[in-house]
Amino acid sequence: MSPQIALHDPVFRGYFLIVLISLAAGGAVLAFLRFISKKESASMFKTYWSWIFMAGIGLIVVFLGRIPTIVGVTFLAIYAFKEFARASGLHRDWWMTGVVYAGIITVGIASLVAHPRAGEPGTAWYGFFVAVPVFAIALILLIPILRNRARGELQRMSLAIVGFIYIGWMFGHLGFLANARNAYGFVCFIIFATGVSDVAAFTFGKIFGRHPLRSEISPNKTWEGALGAFAVAMILPWLLRFSFPFFGTRELILTGLIVGIGGQLGDLSISVIKREIGTKDMAATIPGHGGILDRIDSLIYVAPLFMHMAGYYYPLR
Amino acid sequence: MKRWRYDSANDVERTPLERLRQFPREPDMLVYGLRSLGALIIRALLRVYHRFEIIGHENLRTNRSLVIVANHCSHLDTLCLLAALPLRKLHRAFPAAASDYFFQSVPRLWAAAVLVNALPFARQARVRQSLTLCQEVLANAGTILIIFPEGTRSTTGEVGEFKSGIGALVAGQDVAVVPCFIDGTFHAWPKGRRMPRPRKVRLIVGAPRNYRTRPADKLDICAIAAQLRDAVNELRLVNASH
């Protein structure tokens with residue numbers, strides 16, 4: 061991945077066009093809705109402008125190449141963890157948050173540098189990338205011992221471990237995918253398909269939503285929305301087959317399942333955390349979306365599952 | 004099993020800009036890291052570019068709350084006073100900054116909130132409210148409040164009249180007040196200049212004083228302000244002892 065390659069890469073150019081067309085189509089639909097129904101749609105437009113902003117940044121970062129992509133994912137993970145820590149009260153604990161930040165940066169480094177003894181092919185250090193949680197958890201468990209304190213430490217350790225594994229490491233897989241031979245196809249498809257299935261869930265839920273999906277977790281999500289998103293996610297791998305021409309039917313089905321079900325689960329699992337803590341959004345960073353964590357929640361589930369599925373059938377690098 | 008209690012930040016649902024404006028701020032490891040890094044760079048620049056020198060350093064050595072009172076002719080003043088503090092106290096040191104100047108435009112707001120850890124002080128309206136905020140902050144042991152009681156940067160380099168608010172803040176309070184004189188910043192970076200010039204800058208820290216026994220009536224707070232102004236001005240005469 062580099063700007064020169066991206067300019068001539070049919071997959072990246074394809075996604076550039078697809079993203080532009082989707083945003084234009086979305087804008088047209090919103091404008092039409094406003095024209096037809098004259099309903100209050102300011103909040104939808106705010107969400108839409110944020111989508112344009114995020115799509116722009118995403119395209120630029122992926123265009124710039126492997127290192128900016130991994131660094132960008134690492135920054136997102138750091139910021140998302142910060143939101144989680146602030147919502148859960150862990151942000152008052154310097155040592156726990158410090159160790160998790162260090163762990164997230166280590167995940168980024170393992171995705172960036174090659175194996176020092178050249179034990180693996182390619183540009184990243186897969187063995188270390190997969191092993192980072194061992195070191196991070198060992199350090200987190202060490203903190204109460206060093207502090208000589210037990211009271212309330214189980215809660216802090218648990219929050220730190222969930223924060224690191226879930227937000228730092230699992231989301232970090234998206235950055236690691238930038239090392240794949242088929243990086244443009246994988247990274248662009250994952251981000252685009254997850255985004256589209258999120259929008260589909262929202263749209264189907266708004267139009268057909270009757271039956272609550274998980275009433276005790278997220279009262280606004282419905283079975284209709286989830287099924288709509290699932291259907292869209294099952295079609296997308298075939299529509300966007302140019303991103304991974306070597307995938308057979310089995311892999312395409314698995315990809316659809318991961319995006320369709322994983323995306324919803326990611327959304328719901330962040331909702332569990334929010335419901336338990338008692339906040340509506342993790343933060344108010346992105347107008348119309350909530351926090352960074354509210355936006356990337358589906359990707360957190362989809363990216364690692366997809367990476368390991370693809371890595372099982374084809375060598376990633 | 005008992006339910007866990009989550010001590011969430013009280014600004015979770017505010018936008019990043021609103022969060023920069025609010026005071027007191029929530030603890031944030033990333034901001035602390037950035038501030039410490041910035042402080043190291045500023046200290047190095049002051050040493051090299053302004054040959055920065057501190058006299059009477061030992062007067063700042065305490066774990067109790069402090070009010071640092073100094074003359075003001077340049078943006079460098081705040082940086083000099085912060086550079087005199089140990090790094091670990093940096094996040095509990097609050098220079099009072101004019102909210103009409105530092106808390107409006109985004110770049111200034113960012114510098115004030117992240118790099119300097121400024122306390123927004125409304126110097127035109129609601130002065131009383133700002134003073135109450137200062138007193139609340141001082142109630143936590145180990146807080147350092149930096150105040151320029153002239154209320155604005157001097158355009159002549161002389162120490163101007165101190166506003167009586169400083170008297171109202173410290174009268175009857177058991178808090179150490181440290182007068183400081185900053186020498187040379189007027190020539191190094193006066194009001195209205197874009198970039199600082201490489202001139203020598205000295206910081207003279209005076210002996211701490213306490214106004215616990217003074218009542219907070221109108222006459223007395225003006226007297227305290229005048230006394231503090233004289234204390235700061237007298238430090239001008241202290242020469243480098245080494």
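Listed in order, the protein sequences are those of chains E and W. Per our numbering, residue 61 is the first one in the first sequence, and the count goes up by one each step. Per our numbering, residue 4 is the first one in the second sequence, and the count goes up by one each step. Built from N, CA and C at the ideal position, the CB exists for glycine as well.
Integer Cβ distance of residue i from residue j, believed to fall under 8 Å
| i | j | result |
| --- | --- | --- |
| F249 (chain E) | L317 (chain E) | So it is not a contact: roughly 14 Å between Cβ atoms. |
| N143 (chain W) | R38 (chain W) | Not confirmed; about 18 Å, so no contact. |
| I164 (chain E) | F141 (chain E) | 6 Å |
| G168 (chain E) | G232 (chain E) | 7 Å |
| I149 (chain W) | P98 (chain W) | 4 Å |
| V235 (chain W) | V70 (chain W) | The pair is not a contact, with the Cβ atoms about 13 Å apart (cut-off 8 Å). |
| L90 (chain W) | A47 (chain W) | The Cβ separation is near 13 Å, so there is no contact. |
| Y244 (chain E) | F92 (chain E) | With 8 Å as the limit, Y244 (chain E) and F92 (chain E) do not qualify as a contact, their Cβ atoms being about 33 Å apart. |
| R379 (chain E) | A238 (chain E) | Since the first residue shown for chain E is 61 and the last is 377, residue 379 (chain E) is missing from the structure and cannot be characterised. |
| A147 (chain E) | V130 (chain W) | Not quite, the Cβ-Cβ distance comes to about 35 Å (not below 8 Å), so this is no contact. |
| I360 (chain E) | G326 (chain E) | 5 Å |
| G182 (chain E) | R377 (chain E) | 3 Å |
| R152 (chain E) | D10 (chain W) | 7 Å |
Sequence-distant residues of the same chain with beta carbon closer than 6 Å to residue i, five excluded per side
| i | result |
| --- | --- |
| H245 (chain W) | For H245 (chain W), the pLDDT reaches just 45, beneath the cut-off of 50, and the residue's location in the model is therefore unreliable, leaving the point undetermined. |
| K106 (chain E) | P347 and G348 |
| Q127 (chain W) | none |
| L238 (chain W) | F184, I207 and G209 |
| T55 (chain E) | Absent from the model: residue 55 (chain E). The displayed extent of chain E is 61 to 377, so no value can be given. |
| I354 (chain E) | At residue 354 (chain E) the sequence reads Asp, which differs from the Ile that was named. The residues are D341 and M342. |
| S133 (chain W) | F124 and A125 |
| V133 (chain E) | L234 and G235 |
| H94 (chain W) | Y35 |
| F290 (chain E) | G320 |
| W155 (chain E) | I203 |
| P375 (chain E) | none |
| F224 (chain E) | V160, G163 and A196 |
| P364 (chain E) | M230 and H233 |
| H368 (chain E) | none |
Neighbourhood of residue i by C-beta distance below 7 Å, restricted to the same chain and skipping five residues each side
| i | result |
| --- | --- |
| F76 (chain E) | L119 |
| W185 (chain E) | A170, V173, A174 and H175 |
| V192 (chain E) | G163, T166, V167, A170 and W229 |
| P63 (chain E) | F123, L124 and G125 |
Contacts around residue i, its chain only, beta-carbon distance under 8 Å, and the 5 residues preceding and following it disregarded
| i | result |
| --- | --- |
| L328 (chain E) | L273, R274, I277, S278 and K281 |
| V140 (chain W) | P27, F97, L122, T146 and L148 |
| Y161 (chain E) | I138 and F141 |
| N13 (chain W) | E29 |
| G86 (chain E) | Y108, W111 and V259 |
| R54 (chain W) | K203 and V204 |
| F189 (chain E) | V167, A170, S171, G232 and F236 |
| M114 (chain E) | I346 and R355 |
| E24 (chain W) | The sequence given here places Arg at residue 24 (chain W); Glu does not occur at that position. So the list reads F106, L112, A116 and P123, once near-sequence residues are dropped. |
| H271 (chain E) | T282, W283 and E284 |
Distance cut-off 8 Å: residue i Cβ against heavy atoms of the ligand PLP
| i | result |
| --- | --- |
| G209 (chain W) | Annotation note on the ligand PLP: not contained in the displayed structure, which lists no ligands. |
(request) Counting only runs of 4+ residues fully inside the segment 65-153 of chain W, write out the alpha helix (DSSP H) ranges in chain order. (result) Listed in chain order, they are 79-86, 102-105, 109-113 and 130-141.
(message) Quick check on the DSSP output: what are the complete alpha helix (DSSP H) runs of length 4 or more inside the segment 166-218 of chain E, in order along the chain?
(response) Correct list: 186-207.
(message) For a minimum of 4 consecutive residues, which ranges assigned as the alpha helix (DSSP H) are wholly contained in the segment 274-312 of chain E?
(response) Listed in chain order, the complete alpha helix (DSSP H) runs (minimum 4 residues) inside the segment 274-312 of chain E are 283-299.
(request) State whether the segment 241-260 of chain E contacts the segment 295-311 of chain E, with contact taken as three or more CB pairs (one from each stretch) at a distance under 8 Å. (result) Output reads yes: the segment 295-311 of chain E touches the segment 241-260 of chain E.
(request) Go through the segment 176-242 of chain W residue by residue and report every complete run of the alpha helix (DSSP H) that reaches 4 residues or more, in order. (result) Correct list: 188-191 and 221-237.
(message) Please give the ranges of any alpha helix (DSSP H) in the segment 321-348 of chain E, keeping only runs that are unbroken, at least 4 residues long and fully inside the region.
(response) Qualifying alpha helix (DSSP H) stretches, in chain order: 323-337.
(request) For the segment 17-35 of chain W, enumerate the residues whose C-beta is nearer than 7 Å to any C-beta of chain E, in chain order. (result) When C-beta distances to chain E are compared with 7 Å, the residues of the segment 17-35 of chain W below that value are R17, T18, P19, E29, P30, D31, M32 and L33, in chain order.
(message) Going residue by residue through the segment 214-274 of chain E, where are the continuous alpha helix (DSSP H) segments of at least 4 residues, counting only ones entirely within it?
(response) For the segment 214-274 of chain E, whole alpha helix (DSSP H) runs of length 4 or above, ordered along the chain, are 231-236 and 243-268.
(request) State whether the segment 254-265 of chain E contacts the segment 212-220 of chain E, with contact taken as three or more CB pairs (one from each stretch) at a distance under 8 Å. (result) Touching, no.
(request) Compile a chain-ordered list of the residues in the segment 123-148 of chain E whose CB is closer than 9 Å to at least one CB of chain W. (result) Residues passing the 9 Å Cβ filter: I138, Y139, K142, E143, A145, R146, A147 and S148.
(message) Ignoring anything shorter than 4 residues, give me the alpha helix (DSSP H) runs that lie fully in the segment 88-129 of chain E, in order along the chain.
(response) Runs found: 102-124.
(message) Taking beta-carbon pairs under 8 Å, can you tell me which members of the segment 342-353 of chain E lie near chain W?
(response) Of all residues in the segment 342-353 of chain E, those with a C-beta nearer than 8 Å to a C-beta of chain W are M342, A343, A344, T345 and P347, reading in chain order.
(request) Give the residues from the segment 146-177 of chain E that approach chain W closer than 7 Å (Cβ to any Cβ), ordered along the chain. (result) Residues passing the 7 Å Cβ filter: R146, A147, S148, G149, H151, R152, W154, T157, G158 and Y161.
(message) For the segment 105-118 of chain E, list every residue whose C-beta sits within 8 Å of some C-beta in chain W, in sequence order.
(response) Residues: none.
(message) For the segment 209-234 of chain E, list every residue whose C-beta sits within 8 Å of some C-beta in chain W, in sequence order.
(response) Of all residues in the segment 209-234 of chain E, the ones placed with a Cβ closer than 8 Å to any Cβ belonging to chain W are Q215, in chain order.
(request) Could you tell me whether the segment 105-116 of chain W touches the segment 218-230 of chain W, where touching means 3 or more Cβ pairs closer than 8 Å? (result) No: the two stretches stay apart, fewer than three of their Cβ pairs being nearer than 8 Å.
(request) Mind checking the segment 248-274 of chain E against chain W and listing, in chain order, the residues whose C-beta falls within less than 8 Å of any C-beta there? (result) Those residues of the segment 248-274 of chain E placed with their C-beta closer than 8 Å to a C-beta in chain W do not exist.
(message) Which residues of the segment 318-336 of chain E have a Cβ closer than 7 Å to any Cβ of chain W? Give them in chain order.
(response) Those would be none; no residue qualifies.
(message) I'd like to know if the segment 70-86 of chain W and the segment 156-172 of chain W are in contact, where contact means that at least 3 CB-CB pairs between them fall below 8 Å.
(response) With the cut-off at 8 Å, the segment 70-86 of chain W and the segment 156-172 of chain W touch.
(message) For a minimum of 4 consecutive residues, which ranges assigned as the alpha helix (DSSP H) are wholly contained in the segment 63-88 of chain E?
(response) When DSSP assignments are scanned along the segment 63-88 of chain E, the uninterrupted stretches of alpha helix (DSSP H) that are 4 or more residues long and fall wholly within it turn out to be 63-68.
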